[in-house]
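Residue numbers (our numbering): 3 to 143.
Note that beta-carbon positions come from the ideal geometry of N, C-alpha and C, so glycine has one too.
Quick caveat: nothing in here was measured; it's all calculated off a predicted structure.
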């Protein structure tokens with residue numbers, strides 16, 4: 003039901019659902035109401051539309067911090083919708099964070115350097131198919 007029903011009902015994807023559940027659980031456990039989570043993704047986001055990454059090899063990773071709120075009075079649907087909206091608002095699915103944070107010396111990079119490091123990293127790579135290969139789940143837009 004988690005993989006097929008929940009994300010379809012909210013027009014989200016499985017990553018949204020899992021991150022919302024994780025956020026709510028950690029926020030409830032800690033009593034903080036919000037959680038700073040490091041998100042790790044596969045790093046092959048199409049940030050340059052004409053770039054063809056299909057012939058590249060090697061392990062690429064995009065990593066960036068995301069502050070997630072999960073106030074105790076919010077229901078699960080509200081947390082899920084807010085998670086979806088937060089993730090959709092991140093330019094290029096976070097692929098430019100490393101350049102902004104580490105390869106520049108300007109007010110933006112200094113502001114990003116001041117953000118504390120997340121104590122929790124979340125990476126949802128997909129699922130393993132019947133052949134033992136990683137198969138990314140269908141994603142809703």
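Any idea what DSSP makes of residue 117, helix, strand or coil?
coil
So, helix, strand or coil for residue 75, using DSSP?
coil
Express the C-alpha separation of residue 35 and residue 74 in angstroms, rounding to a whole number.
7 Å
On the DSSP bridge list, what partners appear for residue 41?
66 and 124
Three-way DSSP call (helix, strand, coil) for residue 90 in this model
helix
What do you get for residue 55, buried or exposed, if any count of 16 or more other CB atoms within 10 angstroms of its CB means buried?
exposed
Could you name the residues that DSSP lists as bridge partners for residue 36?
71
Can you tell which of 33, 14 and 25 has the C-alpha that lies nearest to the C-alpha of residue 68?
25
Beta-carbon proximity check, residue 40 vs residue 65, cutoff 8 Å:
yes
Quick one: measure Cβ to Cβ for residue 20 and residue 126, integer angstroms, because I've assumed they're closer than 8 Å.
5 Å
Would you identify the three-state DSSP class for residue 15, choosing helix, strand or coil?
In this structure, residue 15 counts as coil in the three-state DSSP scheme.
How big is the Cα-Cα spacing for residue 109 and residue 46?
27 Å
With a 10 Å radius around its C-beta and 16 neighbouring C-beta atoms as the bar for buried, classify residue 99 as buried or exposed.
buried
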